[in-house]
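Notes for the one structure printed next.
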Amino acid sequence: MKEEYIITAYTENHIGMLNRITIIFTRRKVNIESLTVSESAIKGISKFTIVVHSTAEQAEKIVKQIEKQVEVLKAFYHNNDEMIYQEIALYKVSTKALTAGNKIETLVRKHNARILEITDEYTVIEKTGHNDETQEFFDELNEFKVMQFIRSGRVAITRSPIERLSQFLAERDSMLA
Amino acid sequence: MAEKITGSEALIRSLIEEGVETIFGYPGGAIMPVYDALYHHREKLKHVLTRHEQGAVHAAQGYSRATGKVGVCFATSGPGATNLLTGIADAMIDSTPLVCVTGQVASPLLGTDAFQESDIVGMSMPVTKWNFQITSADEIPEVMAKAFYIAHSGRPGPVLIDFAKDAQFAEIDFEYHKCNNIRSYVPYRPIDNSQVEAAANAINNAKKPFLFFGQGVVLSQAENELKELVEKAGIPAAWTLLGNSALPSNHPLNVGMLGMHGNYGPNLLTNECDIIIAIGMRFDDRVTGNLSKYAKQAEIIHIEVDPAEIGKIVNTKFPVVGDAKKVLRKLNPLIAKNEHPEWVAKFKACYDIEYKKVIERDIYRNNGKISMGEVVRMVSEKTEGNAICVTDVGQHQMIAARYFKFNQTKSVVTSGGLGTMGFGLPAAVGAQFGRPDRTVVTFIGDGGFQMTMQELGTIAQEKIPVKIVILNNNFLGMVRQWQELFFESRYSFTELKGPDFVHLSGAYGIPAKRVEKGAELEAAIAEMIDTDGPYLLEVKVEKEDNVFPMVATGASVSEIMLEAPTKK
Ligand SMILES: Cc1ncc(C[n+]2csc(CCOP(=O)(O)OP(=O)(O)O)c2C)c(N)n1
């Protein structure tokens, strides 16, 4: 059964890593729904968070192929229930629409969004949440014409208490034996 | 003590530090400083000028496959580098350790569409185990040490190092340390003893165990351990195309080849065994046929160094992750001495059927015409199973795999996973440089020969004693066979006319002969083998012979055909 999986990979922060990772998906014709890359808690190690629609079997095979890359330290896959995750979205509306009544303000409160910047012309609103939440806010806000909209890739953190990368690095020395 | 040298010199010294003796390559603008540095070390480092970069990389592959060492090749930027790609892809899928060094435009020109700039790092990414672009000379020693370590450790594979021209000129303090550790890379995981014990238990309790071995056995030098396991547990053992020669052909428990044109018994009985012990192989679709009808009754033990291979194709009840030799050293002591005479007899019975229906006619034609199998048998007999057999791709490749006999390991050099026509001749060059002490024979179709025949120039210039056998059927034989069987004999563009191969060979100064009659074959083969130096033998074989047995695409291994289905 296909569902959403979050694939995470810890890699050396080297040139070309993004390419090496993404071709693994391309070759198997698995579309990347969202992708976030940034430095992890450990200096010099990047963390990739990749969202795909796939079967568990496919996700597992992809993770093995990712781990096979020389500069990948460790990779995992999880379904949505196993992780806490967020995306961030920015919305631009005209300041006129904002000041014309209190409806936008009500929406901002209801959706737990916040206003980042107000100029004479436009107002930028930020909301974090799951895709369906940022989408719902968009749909409601669009009554006042959203001038621009952008949503980030996903960031996610496991529910388990340990940082598995540090665990991997600790275990690694014994693996070299 | 560090000493100041140029980047190019540093590259050459790195190769010497890694014990490299032979390089196959082709120069050009962007790699000229490296060639200049090489000039000063030409006594120590043998460079072989091939006639095409594809030849250089296939030669490096042949060298590696025949010796177990890392193959090294050089090419210039742009077209030189892209010409390597086929061989790199071939090495990737066949797990051949290579270090390929390509020249690159100077770093300030990168990304400007400079003359002969190509993004070889990007292009080779899907087909390399690792690649790296050196833009600063300081990087050289560490990167080269990593390149060799990555290429040969774990599951081996090709590494490409792209070397910007300004870094070739720049000076550095050279100090070399071999690499044996990269924090993100775990080539060998510690062997899980419980996995080994579970596997041993399963083997000890099996009634009809069947062992499959692949190139992993050769790459980890586990031939003795394999033999010990096979003999101790009394298990019939079959090989994949690349596992061939890891167990002597005449070993009583060697039951032959798996897969599409493999032997009858190994295919049929795959669906009858109770346990499969797969060692260093990857269940390629040419081995398994239709997966939904593949070994469903069997429990599978998979011993494999690459964890990504386990469970990739077949469900594995007993995975054992690890280097074949190390695993077998732990496994063998846990194996109870055993025999399975009735089970083994089934293979013999299948062989007898196959012999009558296929083999006899293949290797003894006796009608004045010549079959490929007959040629292969005679060359094998004449060289007493001691030759290195290099093949190209097609019918002759399957025939060579089926009928050439081997006494020792690392004797088969063939393009398995990629099936690269044009591989044979240059790979034979490499194999002969790797093993000057052994007879190297290469069987090539008239189609594949015409893809890389310019390497006759290399053979002639280097005076290496490669024995070239062209099995000429004036067809792209394997494709023609499929057209006959599956496309109602519509021979769409598979008939081809070659040059006069004897004249061609003569033009290079390589002695040659053409044989068209069965009666002349044996003497011609003897002359070829007994001639000092290279020799080309063109054998006109039956034009429309087919290779059987055959597991057709989509068919199950138990539906293996011994002859063409009768036409309606
Ligand atoms: C580079 C490349 N192109 C095409 C093919 C497809 N192909 C596989 S076997 C074959 C025919 C080979 O003919 P030949 O070299 O004459 O050998 P034969 O089968 O007759 O022994 C072809 C075209 C291939 N394997 N490699």
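Those sequence lines, one after another, are chains B and Y.
Count along the first sequence from 1, add 18, and you get the number used in my numbering.
Count along the second sequence from 1, add 66, and you get the number used in my numbering.
For glycine and all other residues, C-beta sits at the position ideal for the given N, C-alpha and C.
Since we're looking at a predicted model, the values are computed, not measured.
Mind checking which residues open and close the alpha helix (DSSP H) that includes E30(B)? Counting along the chain, E30(B) falls outside any alpha helix (DSSP H), though it belongs to the beta strand (DSSP E) covering E21 to E30.
Mind checking if R348(Y) is an interface residue toward chain B, Cβ cutoff 8 angstroms exclusive? no
_Going by DSSP, what residue range makes up the beta strand (DSSP E) through S52(B)?_
I50 to E57
From the beta carbon of V55(B), is the nearest beta carbon of chain Y less than 8 angstroms away?
no
Practice problem: Quick one: residues in its chain with C-beta nearer than 8 angstroms to the C-beta of R177(B), no 5 flanking neighbours on either side, listed in chain order? | Solution: E100, M101 and I102
### Message
Is there a Cβ of chain C sitting closer than 8 angstroms to that of Q83(B), yes or no?
### Response
Given the protein chain composition of this structure (B and Y), no chain C is represented.
Problem set entry | I136(B) at chain Y interface by Cβ criterion, 8 angstroms | no
Using a Cβ-Cβ distance under 8 angstroms, would A195(B) count as near chain Y? Only weak support is given to the placement of A195(B): the predicted model assigns it a pLDDT of 48, under 50, and the value that follows is read from those uncertain coordinates. Yes, because at least one Cβ of chain Y sits closer than 8 angstroms to the Cβ of A195(B).
Exercise. What do you reckon, is the C-beta of V187(Y) under 7 angstroms from a heavy atom of ligand 1?
Worked result: no
TODO: Would you kindly work out how many angstroms separate the C-alpha atoms of Y140(B) and A155(Y), rounded to a whole number?
DONE: 54 angstroms
Unbroken stretches of the alpha helix (DSSP H), 4 residues or longer, contained in the stretch 223-306 of chain Y:
231-235, 259-271, 281-285 and 289-299
| query | Do we get a CB-CB distance below 8 angstroms when we pair V69(B) with the residues of chain Y? | reply | no
Return yes when the C-beta of G488(Y) is under 7 angstroms from any heavy atom of ligand 1, and no when it is not.
yes
Q) What residues in the stretch 24-36 of chain B bring their beta carbon closer than 9 angstroms to a beta carbon of chain Y? A) Y28, T29, E30, H32, I33 and G34
Fill in: N-terminal and C-terminal residue of the beta strand (DSSP E) that E161(B) is part of
Note, E161(B): premise wrong, no beta strand (DSSP E); not H, not E.
Return yes when the Cβ of V535(Y) is within less than 8 angstroms of the Cβ of R131(Y), no when it is not. no
Notebook entry, point to check: For the alpha helix (DSSP H) that P145(Y) lies in, which residues bound it at each end?
Noted result: P145 to T148
Please report how far the alpha carbon of K378(Y) lies from the alpha carbon of R117(Y), in whole angstroms. 39 angstroms
Practice item. Give every residue of the same chain whose Cβ lies closer than 6 angstroms to the Cβ of M544(Y), excluding the five residues on either side of it in the sequence, and list them in chain order. Key: G460 and Q461
Which residues mark the beginning and the end of the beta strand (DSSP E) in which L91(B) is found?
V90 to N97
- prompt: Does E89(B) have its Cβ less than 8 angstroms from a Cβ in chain Y?
  reply: yes
DSSP three-state assignment for E450(Y), whether helix, strand or coil: coil
Cβ-based neighbour list, A303(Y), same chain, cut-off 7 angstroms, excluding 5 preceding and 5 following:
L277, F279, V296, L313, L319, N320 and V321
### Message
Buried or exposed for D150(B), going by 16 or more other Cβ atoms inside 10 Å?
### Response
exposed
Problem - Of the listed residues P222(Y), P492(Y) and F552(Y), nearest to Q159(Y) (C-alpha basis) - result: Here the sequence assigns Ile to residue 159(Y), which means Gln is not the residue at that position. Looking at the Cα atoms, P222(Y) is the closest of the given residues.
Item checked: G543(Y) - DSSP class collapsed to helix/strand/coil -> helix
Practice problem: Check F167(B) in the structure and name its three-state DSSP category. | Solution: strand
For Q363(Y), which of helix, strand or coil comes out of DSSP?
coil
**Q.** Buried versus exposed call for P99(Y) [16 or more other C-beta atoms within 10 Å across all chains shown]
**A.** buried
- Have a look at Y601(Y) and V114(Y) and give me their C-alpha separation to the nearest angstrom. 19 angstroms
Subject >> Cross-chain neighbours of I41(B) in chain Y, by beta carbon under 8 angstroms >> reply: M191 and P192
Next item on the list: List the residues of chain B that A374(Y) touches, going by C-beta distances under 8 angstroms, in chain order.
Entry: K79, K82, Q83, E85 and K86
At least one CB of chain Y closer than 8 angstroms to the CB of R172(B): is that the case? no
### Supposed close pair G564(Y), D512(Y) - CB separation, criterion 8 angstroms
5 angstroms
T524(Y), DSSP secondary structure in three states
helix
- prompt: Does R46(B) come within less than 8 angstroms of chain Y when only Cβ atoms are used?
  reply: no
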